[in-house]
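Using the working numbering, you'd call the opening residue of the sequence shown number 3 and step up by one each time.
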Amino acid sequence: MKKILLFILFVIASQVAVAQWVPLGDNFKWGVTCMAKSHNSIFTGNSIDLGVSLSKDNGVTWEIRNVIYGDGVSALIVFDNEVFAFVKNGVFSTADTAKTWVMKSNSNSIGGVNYVLPVGSYIFAASNYGVFVSKDTCKSWVLKNSGLKNLTVLSMDYRNGSLIVGTKNGIYLSKDMGENWVEKNSGLTNLTVRAIAYKGDTILAGTENRLFISTDRAETWADPLIGFSPISSIKTRGDTVVLGFQGGIFLSIDGGKFWTVMNNGLESVNIKSIFMYNDDIYIGAGNRLYYSNLKRLIATVVEELPASSSSSLRISPQPINGDYLTISNIPASASDLRIYSLLGEIVHSEVLNGAERRQINVSGLPAGVYYLQVGMETRMVIKQ
Numbered sequence: 003m004k005k006i007l008l009f010i011l012f013v014i015a016s017q018v019a020v021a022q023w024v025p026l027g028d029n030f031k032w033g034v035t036c037m038a039k040s041h042n043s044i045f046t047g048n049s050i051d052l053g054v055s056l057s058k059d060n061g062v063t064w065e066i067r068n069v070i071y072g073d074g075v076s077a078l079i080v081f082d083n084e085v086f087a088f089v090k091n092g093v094f095s096t097a098d099t100a101k102t103w104v105m106k107s108n109s110n111s112i113g114g115v116n117y118v119l120p121v122g123s124y125i126f127a128a129s130n131y132g133v134f135v136s137k138d139t140c141k142s143w144v145l146k147n148s149g150l151k152n153l154t155v156l157s158m159d160y161r162n163g164s165l166i167v168g169t170k171n172g173i174y175l176s177k178d179m180g181e182n183w184v185e186k187n188s189g190l191t192n193l194t195v196r197a198i199a200y201k202g203d204t205i206l207a208g209t210e211n212r213l214f215i216s217t218d219r220a221e222t223w224a225d226p227l228i229g230f231s232p233i234s235s236i237k238t239r240g241d242t243v244v245l246g247f248q249g250g251i252f253l254s255i256d257g258g259k260f261w262t263v264m265n266n267g268l269e270s271v272n273i274k275s276i277f278m279y280n281d282d283i284y285i286g287a288g289n290r291l292y293y294s295n296l297k298r299l300i301a302t303v304v305e306e307l308p309a310s311s312s313s314s315l316r317i318s319p320q321p322i323n324g325d326y327l328t329i330s331n332i333p334a335s336a337s338d339l340r341i342y343s344l345l346g347e348i349v350h351s352e353v354l355n356g357a358e359r360r361q362i363n364v365s366g367l368p369a370g371v372y373y374l375q376v377g378m379e380t381r382m383v384i385k386q
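See below:
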């Protein structure tokens with residue numbers, strides 16, 4: 003497999019007066035795992051509670067609009083001016099802002115749904131029993147599993163005639179709208195693919211502990227050495243990539259080479275879902291829903307981009323599997339070093355006094371993801 007070398011530099015987002023994320027409404031009890039938006043109406047659901055929460059004023063006020071039957075809402079979509087809710091007992095739709103719900107099909111049709119993707123006049127459902135497609139607005143479903151070796155399908159995306167899915171046993175690609183699937187796992191070292199997304203001809207796949215990138219239509223996958231605890235969602239728009247995992251939100255404006263952490267304003271960094279609607283971006287984090295504007299986030303990244311991507315700073319071992327971290331080739335201009343948590347809190351600091359090499363005792367830090375800042379350079383470090 004041809005290796006793809008990417009320069010990865012992580013930046014601690016500035017602690018500005020205006021938070022990057024604004025909470026909408028009160029706590030959602032079980033959090034927000036799925037969202038849909040139609041004009042000024044926002045619909046949210048989660049996989050435990052029976053209700054759909056509705057806001058008609060862009061998230062200022064909320065009310066519960068219960069689905070008549072079900073056991074948690076696993077997916078919400080807007081299709082043909084109707085909102086569709088996928089619950090354990092079936093698929094329901096509403097055309098009157100959730101005042102009434104109509105059953106379109108029962109649970110025996112598709113089983114547990116993990117992700118839903120409208121493509122033209124088709125609706126694809128990634129479920130625990132494989133891939134299903136409906137051509138009649140969810141009234142009936144047809145199973146499309148030819149070539150799938152694992153039927154637990156967790157994620158899905160589509161671009162230019164190619165449908166790609168992530169399963170518990172890797173990635174599969176279909177070029178005939180799901181009629182046939184071909185395994186595409188070359189280079190993957192973790193096969194549980196919880197999130198997948200196209201960014202032009204590039205594909206990003208989020209697994210239990212890594213981000214993988216393909217630039218050759220899924221023929222091979224490269225690991226750019228970015229470690230994450232389970233990636234829950236990846237969304238793209240143009241060259242912008244928004245990634246959510248159990249440590250917060252990362253944003254890239256160059257397709258995944260340079261990443262900035264975007265956690266300012268979040269009470270919890272456990273990201274459950276991401277939803278994008280034009281320039282509006284919503285995330286479910288912890289038990290709350292948050293809003294931001296994509297252009298504003300991008301402007302923050304542009305302000306913090308480094309003048310040069312070249313660096314001789316060396317950090318080892320990566321990941322940290324003991325009590326010490328060694329830093330070498332420290333720039334002479336660096337006067338101190340700091341280690342930040344994902345929430346931007348300083349958890350360790352030292353004065354360098356001109357040292358070119360420093361060994362740091364990190365035995366007091368729990369396992370997790372951190373950011374090491376040395377002078378003007380910031381790198382992500384992972385402690386196991």
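The beta-carbon is built from N, C-alpha and C at its ideal position, and this holds for glycine as well.
Asked	Found
Tell me, please, whether the region 153-173 touches the region 119-127 by the rule of three or more beta-carbon pairs shorter than 8 Å.	yes
Which same chain residues end up closer than 6 Å to G377 when comparing Cβ atoms and leaving out the 5 residues on each side of it in sequence?	P333, S335, A336
Tell me, to the nearest whole angstrom, how far the beta carbon of Y200 is from that of T238; I am working on the premise that it is less than 8 Å.	7 Å
At which residues does the alpha helix (DSSP H) containing I112 begin and terminate?	109-112
Which residues mark the beginning and the end of the beta strand (DSSP E) in which P25 is found?	24-26
Rounded to whole angstroms, what is the Cα-Cα separation between N280 and E181?	31 Å
Quick check: T217 and G257, are their CB atoms within less than 7 Å of each other?	no
DSSP on S310, reduced to helix/strand/coil?	With a pLDDT of only 42 at S310, under the threshold of 50, the placement of this residue in the model should not be trusted; the figure read from the coordinates follows. The answer is coil: DSSP assigns S310 none of H, G, I, E or B.
Based on DSSP bridge pairs, tell me the residues matched to A38.	F45
Since K137 contacts S109 with CB under 8 Å, what's their CB separation in whole angstroms?	Actually they do not touch by this definition, with Cβ atoms about 20 Å apart.
With a threshold of 16 other CB atoms inside 10 Å of the CB of I273, please say whether the residue is buried or exposed.	buried
When burial is assigned at 16 or more other CB atoms within 10 Å of the CB, is A369 buried or exposed?	exposed
Do the CB positions of G47 and L26 come within less than 7 Å of each other?	no
Please say whether G172 and L193 have beta carbons closer to each other than 7 Å?	yes
Under a Cβ-count criterion, where at least 16 other Cβ atoms within 10 Å of its own Cβ denotes burial, should V133 be classed as buried or exposed?	buried
Taking only runs of the beta strand (DSSP E) that begin and end inside the region 165-245, which ones reach a length of at least 3 residues, in chain order?	172-176, 195-201, 204-209, 213-216, 233-239
Rounded to whole angstroms, what's the CA-CA distance from V62 to W223? Just pull it up for me.	42 Å
Please work out which residues of its chain come closer than 6 Å, Cβ to Cβ, to I50, disregarding the five sequence neighbours upstream and downstream, and give them in chain order.	W32, G74
Just grab the DSSP bridge partners of T96 for me.	V85
May I have the straight-line CA-CA distance separating L374 from T380, to the nearest angstrom?	5 Å
If I'm right that K106 touches K151 with Cβ under 8 Å, what's the distance once you round it to whole angstroms?	Their Cβ separation, rounded to whole angstroms, is 30 Å, which puts K106 and K151 out of contact at 8 Å.
Hey, could you find the ends of the beta strand (DSSP E) A393 is sitting in?	Because the chain here runs from 3 to 386, residue 393 falls outside it and cannot be looked at.
Are the region 318-326 and the region 340-358 touching by the rule of at least three beta carbon pairs closer than 8 Å?	no
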